[in-house]
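Q:
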Amino acid sequence: MPTSELSRIFANDRLTADVFRLIVHAPEIAAAAAPGQFVMVQVSSSLDPLLRRPFSIHSRGADGSISLLFKVVGRGTELLAKARPGDTLDLLGPFGRGFDLSAAEKPVCLIGGGMGIAPLLFLAQELPDRKHALLGARNRDELAPLAKEFAELGCAVQLATDDGSLGHHGFIPDLLDEVLPDVSQVCTCGPSPMMRGVARKCRAAEVSCQVSLETHMACGMGACLGCAVPGRDGSYVHVCKEGPVFNSEELPWEL
Amino acid sequence: MPTSELSRIFANDRLTADVFRLIVHAPEIAAAAAPGQFVMVQVSSSLDPLLRRPFSIHSRGADGSISLLFKVVGRGTELLAKARPGDTLDLLGPFGRGFDLSAAEKPVCLIGGGMGIAPLLFLAQELPDRKHALLGARNRDELAPLAKEFAELGCAVQLATDDGSLGHHGFIPDLLDEVLPDVSQVCTCGPSPMMRGVARKCRAAEVSCQVSLETHMACGMGACLGCAVPGRDGSYVHVCKEGPVFNSEELPWEL
Amino acid sequence: METLDLRVRIGALELQNPVLTASGTFGYAQEFEPFLNLNRLGGIIVKGISLEPRAGNPPPRIVETACGMLNAIGLENVGVDRFISEKMPYLRTLTAPLIVNILGDSLDDYRELACRLDEVPGISGIEVNISCPNVKKGGVAFGSVPEMAAAVTAAVRGATKLPLIVKLSPNVTDITVMAKAVEAAGADAVSLINTLIGMAINAETRRPRLANIIGGLSGPAVKPIALRMVWQTARAVSIPVIGIGGIGTAEDAVEFLLAGATAVQVGTANFYDPSAAEKIVAGLKEYLQRHNEERISNLIGALDTGGK
Amino acid sequence: METLDLRVRIGALELQNPVLTASGTFGYAQEFEPFLNLNRLGGIIVKGISLEPRAGNPPPRIVETACGMLNAIGLENVGVDRFISEKMPYLRTLTAPLIVNILGDSLDDYRELACRLDEVPGISGIEVNISCPNVKKGGVAFGSVPEMAAAVTAAVRGATKLPLIVKLSPNVTDITVMAKAVEAAGADAVSLINTLIGMAINAETRRPRLANIIGGLSGPAVKPIALRMVWQTARAVSIPVIGIGGIGTAEDAVEFLLAGATAVQVGTANFYDPSAAEKIVAGLKEYLQRHNEERISNLIGALDTGGK
Ligand SMILES: Cc1cc2nc3c(=O)[nH]c(=O)nc-3n(C[C@H](O)[C@H](O)[C@H](O)COP(=O)(O)OP(=O)(O)OC[C@H]3O[C@@H](n4cnc5c(N)ncnc54)[C@H](O)[C@@H]3O)c2cc1C
Ligand SMILES: Cc1cc2nc3c(=O)[nH]c(=O)nc-3n(C[C@H](O)[C@H](O)[C@H](O)COP(=O)(O)OP(=O)(O)OC[C@H]3O[C@@H](n4cnc5c(N)ncnc54)[C@H](O)[C@@H]3O)c2cc1C
Ligand SMILES: Cc1cc2nc3c(=O)[nH]c(=O)nc-3n(C[C@H](O)[C@H](O)[C@H](O)COP(=O)(O)O)c2cc1C
Ligand SMILES: Cc1cc2nc3c(=O)[nH]c(=O)nc-3n(C[C@H](O)[C@H](O)[C@H](O)COP(=O)(O)O)c2cc1C
Ligand code: FES
Ligand code: FES
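Protein chains in written order, with the numbering used here: chain A, 946 to 1200; chain B, 946 to 1200; chain C, 261 to 568; chain D, 261 to 568.
See below:
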């Protein structure tokens, strides 16, 4: 059950030039949250920008906190970057359908690219011991701090960067072949081309693949129908309600 | 000549629960400013609130700074109250016609009520030695810190508060009779009833009276014609251009 | 103060307070259960329903604009059958009156929808969205031609005894002409405004921000236009006017009541503040107390224009 | 890059760039001298001029709204005589083309204004504000009836050879009908939009926030509506369209050009950022460079709608 929470900001740390990690005290949302779900954040006390912004829950703390990992890409995230410890943040959530791990027997493989890594850390926190994490980002700066945390949660971590400054120089799907035989479930979040590549390989290997989508949202709770994306057979699915996590087979991706 | 200046905030001190004094480094505006003139302040980096807010120049520092004295009355001033030292503030100014002291032979009497006191401190800074200041406000908290500064600038200060907590219990015009014979010019800014009362007494005593008006402004520079107030004979005068300081005889006040 | 009276009347329908939710911005109500007490509202208006289910427009369907948003949802809805079988069971459990918003491509569509809903228990009123294109008349919106608006109203009126609200489009030269036309055709009330037609472009990609190119503008940005149209309309008709457009606070709601609205609808605000509607009810009570006013109905049309 | 070509053409008038200032938001230009280089602008349109001086409406005349403002200045102006004697001497010193906005209560007013201005050296064009009430026709705005708009256009056309821009009101059901009417009557270009009629109320005092009760809405809030109307109009007429409404940045200007505008006017933005117009010129150059585009004219109507 989602809720509305005026949460106190514990920290808003700049990880790189444009990536921040925000930690807030939101015990009700934290208690209700499952990996893959998101919150709707009010980024301004004024009417401009008007709408809340969706962010995945990046991790959950034992102290009733949750964290968000975000990149500054526009006005809303610029304002969020200015939030300071002690300020309050108006949150709604948790919303959406998270990752479904009921059918995972063998290890799960988490595949994240860029800010798509955000929900996967929470997932790593909640998964049993053995799991893989294939993580990609633009460069070492962005990737290194995150990679460490996945490793600490017991993931077998492999990395890729666009510029080769850390790990494999290239794309994450390249790393997948080696790992696939060992896994029963892939969970991925990141740029669409990456997720398509991953889904294609999973399909070939007959491994179930869950993908987490992003789209523009006005409400986050199924009321505006603004978050539709194409489903199968000319229908639409609503990212905030039927997703953000979908089984890749639910989507009309030309695999 | 007005100018546009991105000025650095030196201080934004809370004087009472809702009155602040903001000090900014604005050397060009400071150099051009005359007492009674005002600046247009951008209170938000977003489009809401959209328009700048007018504030009188409260004082000028030797270091190229100017100060503003403001009360929180709405959204714009609420935002301004949150400005912190080190932030930049986007200012335009100085605008308008300030106090004209060319004809003052005997001492000048400054009469301010509430935030109307703001421009009078700058005027006191610029006036030759002997001058009177009659200042009124809601209570001691609001009035005491200001009264001190007028005294330091050589004013013979008399005070009035609505609640009697400092000085005369009642209205400032009550204090005027005693002072009028000694002055050749009255300069007043504050609530309209106060200014009318002052203007009436000045007229009876044949002492010139200059009043500083407030109204809603969109531009501050004579372009929008939004700041009109009734002048004499059914015409309108524009507060930002012909004012904010008027000779009380220019206004259609039923004296 | 126990004596506060917030009741208002829309035709035969009495509302416990004048705060409704606007169609298309409140889903089928259940989505908002975590955020407010639905039964505290004056009434609930659900997403527009058509005869057949509609898939809606391709994405992107929404874009934020200065103090507002554009939507081109394309009237996606489950269709009247699934509405009755899937949504009504929950909606019937609510005590707040339910008003169903309907839309069609032809007079027949509207008539049949009204017939179908007339039989369904738990529905307190019908709101007719006439901003839709008339497919038989080459796609001209019913809501921009008085005769066509009157024809839709008459068709629905003939098919149901339920209180009938006709929702007007603001994209017209004179909204009072539209209001008078539907009043004469039997509407019990008019609600206004629906969205203003707008557009947004991505300067970098040189493409429209909505797949549908144009969309409907809503939110605080449109409030001044809505308020003016409500004021004009309330002086032109004698049926109740329901004010819509950018209402997010009790102060906004009071402004619409003063302009002549008998009730208000909260739309886009539900998205950024899902408890807005209930907060507005509470805020109206607080306003009445502060102003020593016992009845909310005393505010309706009470704008003091100094005789103008 | 010295080869950037920002020139656009409005009838016989060539502008060095497409950025004009909107009437009523730029005073008589001199007010802005401290804040920008007037001669860098594509052109300057001054406050609307009538035959006789007008005192304007009683205050309050302006009120801020969500991302916008309402004004009811009441067309205060110095009248054509004083405009020519007091304002023209300064305006003539500028190299940027000057366009004079005119308004009247009757066809005769408009005709006479055009005659008077036609003789004055230093005027490069006339913009006709038809959002004014026609006093002879009971106060119906010229701008809401196509025949009346055409009549004003023809009257002015007959009185001057200066490039003639007709400024359209957005308060109509179909702005393309108005545009086509004035095109047929001899307009060299249309500019749009003028302000949308709106209203604001003080809930505490229960009084309108404008003494005139209603006023014109402008600013970023109206941009989506303006952009849509420009897009529709540009496809309906073959004369140039000048886009107006909420333009405050180069990105906004590009959006209007892509929608089909040949030039743009900067209005309310001049109030909160008096150097906005010059910044937009600079920003357009930067945009062309970034997009490897030599001519701004390549952007006009270049919206990629995927064939729709
Ligand atoms: C379910 C979900 C979870 C998300 N989780 C995260 C997260 O954990 N970390 C993170 O950094 N971001 C996340 N996002 C994306 C985030 O919501 C957007 O980056 C943010 O809304 C941009 O706001 P803005 O005002 O800064 O940008 P805007 O000024 O609104 O837009 C800037 C650019 O970002 C694009 N954009 C805006 N909103 C979205 C969106 N919802 N999806 C994709 N692109 C968008 C715009 O098209 C534009 O190009 C998530 C989005 C969704 C839908
Ligand atoms: C020339 C001039 C000099 C001024 N100098 C000072 C000063 O030195 N210190 C100071 O505290 N204030 C001063 N003011 C008033 C100040 O501009 C307003 O208090 C401020 O604009 C309110 O902004 P807001 O967003 O907080 O209030 P809003 O939310 O805009 O309004 C809150 C309330 O204040 C009223 N209000 C808004 N603007 C004005 C205005 N311009 N004049 C009068 N009432 C207004 C509104 O009607 C409303 O009742 C001056 C005004 C003018 C015209
Ligand atoms: C996403 C969205 C969907 C809407 N769907 C409908 C609808 O199905 N039927 C209808 O009559 N109005 C619909 N509207 C219009 C609203 O009910 C309302 O009239 C409009 O948004 C103005 O009010 P607001 O500014 O408070 O949002 C919709 C509005 C939005 C924003
Ligand atoms: C204060 C003010 C005064 C205006 N005066 C005139 C005028 O005299 N003649 C005219 O044609 N338009 C006038 N307008 C309309 C503007 O020129 C412009 O069409 C409108 O404001 C929309 O553009 P914007 O959103 O950029 O302001 C005025 C607008 C404002 C805000
Ligand atoms: S974001 Fe509103 S329905 Fe999904
Ligand atoms: S404030 Fe714009 S003319 Fe005075």
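Cβ coordinates follow ideal geometry from the N, Cα and C atoms, glycine included. The structure presented is a predicted model; accordingly, all values stated were derived computationally and were not measured.
1) What residue ranges within the segment 290-352 of chain D form continuous beta strand (DSSP E) runs of no fewer than 3 residues, ordered along the chain?
2) Please classify G566/D as buried or exposed, where buried requires at least 16 other C-beta atoms within 10 Å of its C-beta.
3) Given N957/B, which residues of its chain have a CB within under 7 Å of its CB, disregarding the five upstream and five downstream residues?
4) Could you please give the first and the last residue of the uninterrupted beta strand (DSSP E) stretch that includes D1035/B?
5) Spatial neighbours of V1190/B within its chain, please: CB distance less than 6 Å, with the 5 preceding and 5 following residues excluded, ordered by chain position.
6) Just verifying my parser: in three-state terms, what is the DSSP assignment at Q1103/A?
7) List, in order along the chain, the chain A residues whose C-beta lies closer than 9 Å to that of Y532/C?
8) Is the Cβ of C392/D closer than 9 Å to any Cβ of chain B?
9) To the nearest angstrom, how far is it from the Cα of Q276/D to the Cα of Y547/D?
10) Along the segment 1086-1103 of chain A, where does the CB come closer than 9 Å to a CB of chain C? Name the residues.
11) Could you check how far apart the C-beta atoms of V1102/B and S1129/B are, in whole angstroms? I think they sit under 8 Å.
12) Going by beta carbon distance, what residues of the same chain come within less than 8 Å of D1122/A, once the five residues before and after it are set aside?
13) Report the residue from L354/C, G334/C, V524/C whose alpha carbon sits nearest the alpha carbon of R314/C.
14) So does the segment 307-322 of chain D actually touch the segment 362-382 of chain D, counting three or more Cβ pairs closer than 8 Å?
15) Compute the Euclidean distance between the alpha carbons of A976/B and S283/D, then round it to the nearest angstrom.
16) Between R469/C, G328/C, S391/C, which has its C-alpha nearest M366/C's C-alpha?
17) Can you list, in chain order, the residues of its chain with a C-beta nearer than 6 Å to that of S949/A? Leave out the 5 residues immediately preceding and following it.
18) List, in chain order, every chain C residue whose beta-carbon is nearer than 9 Å to that of S949/A.
19) Under 8 Å from any heavy atom of ligand 3, does the C-beta of N389/C make it?
20) Does any C-beta atom of chain A lie closer than 9 Å to the C-beta of R1042/B?
21) Taking DSSP's pairing of strands, which residues face T1133/B in a bridge?
22) If you follow the alpha helix (DSSP H) that Q1070/A is part of, which residue opens it and which one closes it?
23) Restricting to Cα atoms, I'd like to know which of V1182/B, D1127/B, A1168/B is closest to V1174/B.
24) Taking DSSP's pairing of strands, which residues face I504/D in a bridge?
25) So with CB distances below 7 Å, who are the chain A contacts of G328/C?
26) Only counting the same chain, and skipping five residues up and downstream in sequence, which positions put a Cβ closer than 7 Å to that of L1200/B?
27) Which ranges does the beta strand (DSSP E) cover as unbroken runs of at least 3 residues, wholly within the segment 462-508 of chain C, from first to last along the chain?
28) Between F402/D and E511/C, what straight-line distance do the alpha-carbon atoms span, to the nearest angstrom?
29) Could you check what DSSP says for S1047/A in three-state terms: helix, strand or coil?
30) Does the CB of L1037/B have a neighbour CB from chain D at under 9 Å?
31) So, M489/D versus P430/D, is the Cβ gap smaller than 9 Å?
32) If I502/D and S451/D are in contact, beta carbons under 8 Å, what's the gap, nearest whole angstrom?
33) Please determine, among G1176/A, P999/A, P1126/A, V1184/A, the residue with the shortest C-alpha to C-alpha distance to M929/A.
34) I need the DSSP call for M1162/B, collapsed to helix, strand or coil.
35) For A576/D, count neighbouring Cβ atoms within 10 angstroms of its own Cβ and tell me buried if that reaches 16, exposed if not.
36) DSSP three-state call for E1187/A: helix, strand or coil?
A: If we stick to the structure as given:
1) Segments of the beta strand (DSSP E) lying fully in the segment 290-352 of chain D: 303-309, 322-325, 328-331.
2) That one is exposed.
3) Here the set comprises F965, L967, A1028, R1029, P1030.
4) Where D1035/B is concerned, the enclosing beta strand (DSSP E) starts and stops at 1033-1040.
5) Closer than 6 Å at the Cβ level, and outside the excluded window around V1190/B, lie G981, R1042, G1043, F1044, Q1155, S1157.
6) Correct three-state label for Q1103/A: strand.
7) Residues of chain A passing the Cβ test: M985, Q987, L992, L995, L996, R997, A1163, C1164.
8) Taking Cβ atoms only, chain B never reaches closer than 9 Å to C392/D, which makes this a no.
9) The alpha-carbon atoms of Q276/D and Y547/D are separated by roughly 16 Å.
10) The segment 1086-1103 of chain A vs chain C, Cβ under 9 Å: nothing.
11) At roughly 19 Å, the Cβ-Cβ gap does not stay under 8 Å, so V1102/B and S1129/B are not in contact.
12) If we look at D1122/A and ignore the five residues flanking it on each side, its Cβ neighbours are K1146.
13) Distance from the Cα of R314/C is smallest, within the candidate group L354/C, G334/C, V524/C, for G334/C.
14) Segments in contact, yes.
15) A straight-line Cα-Cα distance of about 33 Å links A976/B and S283/D.
16) In the sequence under discussion, the amino acid at residue 366/C is Ser, which differs from the Met named in the question. Checked all of R469/C, G328/C, S391/C; the closest Cα to S366/C is S391/C.
17) Answer for S949/A: L1037, listed in chain order.
18) The contacting residues are P294, F295, D533, P534, S535.
19) Yes, since a heavy atom of ligand 3 falls inside the 8 Å radius drawn around the Cβ of N389/C.
20) R1042/B does not count as touching chain A.
21) Within the DSSP secondary-structure output, T1133/B pairs in a beta bridge with I1056/B, V1156/B.
22) 1063-1071 is the extent of the alpha helix (DSSP H) around Q1070/A.
23) That would be V1182/B, whose Cα lies nearest to the Cα of V1174/B.
24) According to DSSP, which records beta bridges pairwise, I504/D is partnered with Q525/D.
25) Chain A residues near G328/C: L995.
26) In this predicted model, L1200/B has a pLDDT of only 46, less than 50, meaning its place in the structure is not dependable enough to derive any value.
27) You should have 474-478, 501-504.
28) So the alpha carbons of these two residues sit roughly 35 Å apart.
29) DSSP places S1047/A in coil when its eight states are reduced to three.
30) Taking CB atoms only, L1037/B has a neighbour in chain D less than 9 Å away.
31) In contact: M489/D and P430/D (Cβ atoms closer than 9 Å).
32) About 4 Å separates the two Cβ atoms, so the contact holds.
33) In the structure as shown, chain A starts at 946 and stops at 1200, and residue 929/A therefore has no counterpart that could be examined.
34) Coil.
35) Residue 576/D falls outside the range modelled here, since chain D spans only 261 to 568, and no answer is possible.
36) E1187/A: coil per DSSP, three-state reduction.
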